[in-house]
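Report on the following structure.
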Amino acid sequence: MPPFLDSFSAFSRAVSGAFGRPWHPFSLLLVMALWLTTLGNLPLWRAMWALTETHGLRTGLGLLGMGVIVFTATTVLLSLLVWPLWRKPLGVVLLMVAAANSYFMTAYGVVIDPSMMANTVQTDVREVRDLLSGSMLLVLMLGVVLPGAWWWRQPVQQWPAMRLLGRQLGLAAVALVLMMVVIWASFQDLASTMRNHKSLRYMVNPFNTVYASGRLLVGQTTQARMSLQPMGEDAAMANAGVPASPPLIVLVVGETVRAANFGLAGYARDTTPQLRQLQNSGELTYFSNVRSCGTNTQVSVPCMFSHLGREAQAKNDIPYENLLDVLQRAGMQVLWLDNQSGCKGVCDRVPNASTLTLKDPKLCPDGECFDEILLRVLPERLAELDKARPAGQPSAGTVVVLHQMGNHGPAYFKRTPADMKLYQPECRTNVLQDCPAQDIVNAYDNAVRYTDHFLGETVRWLKTQKRPTAMLYVSDHGESLGEKGLYLHGMPYMMAPQEQTHVPMALWMSKSLQKQNGWEANCWQKQAENALSHDHYFHSVLSLAQVKTRWQQPELDMFSACKAKPAQRG
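FYI, in numbering that gives the first Met the number 0 the residues of the sequence shown are 0 to 569.
What follows is the structure, encoded as structure tokens:
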């Protein structure tokens, strides 16, 4: 009998006679495929059912066809991956992947793509703890523990290795042929649906995780084989020599703040009273039309500090040095202080420190620190930076990056001290679906208002310094708060809503730095309403620090309107 027909016959016998005795290898494999196709893909079927207002015969046939495609594709995958030596642990892993993916896709409306997988790999204990909930544990119990225990206890018939190999590859071939037939029969409707609703591509368990993990692994492997490419070897201060008064520039990298809830952006609530006061006095400029490089920290932060820009960065596999390397090479001291899950590789070659181990009883309750802790440790870290500078070597200035915890969700209520919760009632759980929509917004707005307080305190501290100073704030990405059923962030950029990509940016600069740079009063305000993005960050910070290099692109410098020549420096 031909292998294909033999495999099909074996499959038929297995389905009819597996119960009550050791399982035929095919039957147990097909049970797993059926579980993953149905219960393991509930978010996919819910999303497809919601695509049309009427559900007639054609819709039913379309869902049935898609179900057959997913089932046969899963059968092919399992036939190639599930072998006796690792059958049981791999089955549990697949159950865990499907259950976790289904929970997050259902609870927050996210999809599983390579950038989301990278974000997952980079997460820390604090972020994991914020995601844990009773409902998540229930899903894992029902979707992993119970079926996983059943799967682990099932006896399976022992077959000679070569026989099993031939039959299982035959099953994969039969399933592949059936899948291709169904795809051909439903191609027109299927192609239209996938083209118009691209998020569905990232909702099919476990293929979304397999694809995302593969892309991530290939990218990391490719970069690991390449040597780090140097940048800014020609970097120098705009005028030869060291400034008479080396400046201190603070770059605040915000977290998960969207422009839609930022008071200076025209939001109905005044969530930025301290920044507004600075703006009204002419000291601060708000840039109203800024787009992020990505929809999660793992993408946006490295992209901000890269010279490549969003589109080139997305396609790039070559590891380059970044903005901090260029500033340091020009003779500036550079320091990164982190109250988040790390700098995503950006600060690897400059002095850096994390707040993770700090024990301040007021600012770090329950093991997590409010952002003000960054200002508390900053003077000490700056003093250490000065001590580490070789004797007799002058500094061209200092650039400090403060990486906020900001509005990191879903536990927004944890980001604000108890005495600063203006908007009530606020959602006090990380299961956002359990809260009224307004309570979620209240918790989020309280966190935005705390960021405003933190930025105001940063400016106040900078005003006490005896050298030229500046603060540039920009959020790494935005956030969805339930609009269109989406929560949190991380949607693929091409389909992300503006709530996840429209971010606030603000600049404060001392008059002494403005004078030292030789800039006309608030010349950068000419860019305040122009379309800007994270692509401008690398080039604009170089201008702000008065560092010149061939890597800078004037057309991406938001200070390009400052035409006056820099004042003579000592």
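All C-beta atoms, glycine included, are put in the ideal place defined by N, C-alpha and C.
- Out of Gly308, Val173, Glu456, Phe412, the CA that lies nearest to the CA of Glu554 is found in Gly308.
- With 16 or more other CB atoms across the displayed protein chains lying within 10 angstroms of its CB, Gly253 is buried.
- Considered as a whole, the stretch 171-258 harbours 186-195, 206-224 as its complete alpha helix (DSSP H) runs of no fewer than 4 residues, in chain order.
- Bridge pairing for Val502: Val289 [DSSP].
- CA-to-CA, the gap between Leu141 and Leu29 works out to about 20 angstroms.
- Separation of Leu94 and Leu431 (C-alpha to C-alpha, rounded to the nearest whole angstrom) is 25 angstroms.
- One Cα belongs to Glu379, the other to Gln276, and the distance between them is close to 29 angstroms.
- Per DSSP, the continuous beta strand (DSSP E) segment holding Tyr472 begins and ends at 468-474.
- The beta-carbon separation of Cys561 and Trp523, rounded to 6 angstroms, stays under the 8 angstroms limit for a contact.
- Considered as a whole, the stretch 92-124 harbours 113-120 as its complete alpha helix (DSSP H) runs of no fewer than 4 residues, in chain order.
- DSSP places Val127 in the helix class (H, G or I) of the three-state scheme.
- Between Arg86 and Val155, the CB-CB gap stays under 9 angstroms.
- Taking C-beta separations shorter than 6 angstroms and ignoring five residues to either side along the sequence, the partners of Ser509 in its chain run Pro467, Thr468, following chain order.
- In this structure, the alpha-carbon of Gln167 lies about 52 angstroms from that of Thr354.
- Comparing alpha carbon positions, the residue from Glu519, Ala520, Phe558, Gln513 closest to His535 is Phe558.
- Distance between Val546 and Gly489, taken at the CA atoms: about 34 angstroms.
- In the displayed model, Met404 falls within coil according to three-state DSSP, outside both helix and strand.
- Contact between Trp550 and Val325 is confirmed by a C-beta separation of about 7 angstroms, below the 8 angstroms threshold.
- The Cβ-Cβ distance between Ala235 and Gly330 falls below 9 angstroms.
- For the pair Gln403 and Val251, the CB atoms are nearer than the 9 angstroms cut-off.
- Pairing His407 with Thr255, the inter-Cα distance amounts to about 6 angstroms.
- DSSP places Ala311 inside the alpha helix (DSSP H), whose first and last residues are 309-314.
- The three-state reading of DSSP puts Ala352 in strand, counting E and B together.
- By the criterion of a C-beta distance shorter than 8 angstroms, Ala387 is surrounded in its chain by Pro350, once the five residues flanking it on both sides are discounted.
- Judged by beta-carbon spacing, Thr105 lies within the 9 angstroms limit of Leu41, meaning their Cβ atoms are closer than that value.
- Within 10 angstroms of the beta-carbon of Thr37 lie fewer than 16 other beta-carbons, which makes it exposed.
- Of the candidates Ala32, Asp451, Leu27, the residue whose Cα lies closest to the Cα of Phe261 is Asp451.
- The three-state reading of DSSP puts Trp518 in coil, since its state is none of H, G, I, E or B.
- Taking C-beta separations shorter than 8 angstroms and ignoring five residues to either side along the sequence, the partners of Ala527 in its chain run Thr284, Tyr285, Phe286, Ser287, following chain order.
- Between the alpha carbons of Ser539 and Glu383 lies a distance of about 28 angstroms.
- For Met494, the secondary structure class from DSSP, reduced to helix, strand or coil, is helix.
- Two segments are said to touch when three or more pairs of C-beta atoms, one from each, lie closer than 8 angstroms; by this definition the stretch 468-482 touches the stretch 494-502.
- Contact annotation: Leu139 and Tyr102 have beta-carbon atoms nearer than 9 angstroms.
- In this chain, the alpha helix (DSSP H) harbouring Trp149 covers 145-152.
- The DSSP-derived three-state label of Trp335 is strand.
- In this structure, Met116 and Leu215 form a Cβ contact; the two beta carbons are roughly 5 angstroms apart against a cut-off of 8 angstroms.
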